[in-house]
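What follows is a set of notes on a single structure, which appears directly below.
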Amino acid sequence: MIRALVIAAIAAALLAPSGAAAATQTEIRIHYSHFDPSIITVPRGVPVTIVLRNDDPIDHEWIVGTAEMHARHRSGTEPVHGSRPTEISIPALSTRATVVTFADAGMLQMICHLPGHEQYGMIGIVRVVP
Ligand SMILES: [Cu+2]
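Numbering (this note's numbering), first residue to last: 49 to 178.
What follows is the structure in structure tokens.
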């Protein structure tokens with residue numbers, strides 16, 4: 049199930065218009081335990097402001113990284129995030145902003161690792177472009 053979602057998300061990212069502008073400021077809305085948009089395109093090497101708006105009456109997380117990093121998070125023991133710009137906890141019905149400088153071009157995953165959320169579809173793609 050997770051694998052299928054990841055493959056579908058990557059396929060969608062690859063099919064997205066290559067001219068999609070890399071934004072240095074973007075907003076992701078969280079609604080019904082999904083990221084909207086589920087694919088964002090950002091530039092490498094410059095600060096990117098990402099506003100995370102949680103419209104749900106439950107808490108969520110926005111955690112960005114490689115597949116290997118996410119594998120560690122699935123078995124991890126960190127209940128609260130916030131000290132790293134790529135690991136943000138967003139309380140119910142609230143908004144958080146983070147500034148991230150992505151060092152390398154490539155494809156990262158954004159996932160909420162609260163129990164059951166990833167399985168429900170709370171997963172997306174961050175495309176970092178040169
Ligand atoms: Cu969540």
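Glycine is no exception: its CB is placed at the ideal position from the N, C-alpha and C atoms.
- The set of residues with CB atoms less than 5 Å from any heavy atom of ligand 1 reads, in chain order, 108, 160, 162, 165, 170.
- Around the C-beta of residue 164, fewer than 16 other C-beta atoms lie within 10 Å, and the residue is accordingly described as exposed.
- Cβ-Cβ distances below 7 Å link residue 94 to 72, 149 in the same chain, with the five nearest sequence neighbours on each side left out; the list follows chain order.
- DSSP places residue 122 within a helical segment (H, G or I) once states are collapsed to three.
- Closest by C-alpha distance to residue 143, out of 69, 107, 80, is 107.
- Per DSSP, residue 165 is not a residue of any beta strand (DSSP E); the alpha helix (DSSP H) it occupies stretches across 165-168.
- No residue range can be given for residue 93, since it is assigned to no beta strand (DSSP E) and is classified by DSSP as neither H nor E.
- At a Cβ-Cβ threshold of 8 Å, residue 115 and residue 167 do not count as neighbours.
- When beta bridges are read from the DSSP output, residue 87 appears opposite 173.
- Sequence-distant partners of residue 96 (beyond 5 residues in either direction) whose C-beta falls short of 8 Å from its own C-beta, in its chain, are 71, 72, 73, 74, 90, 147, 148, 149, 150.
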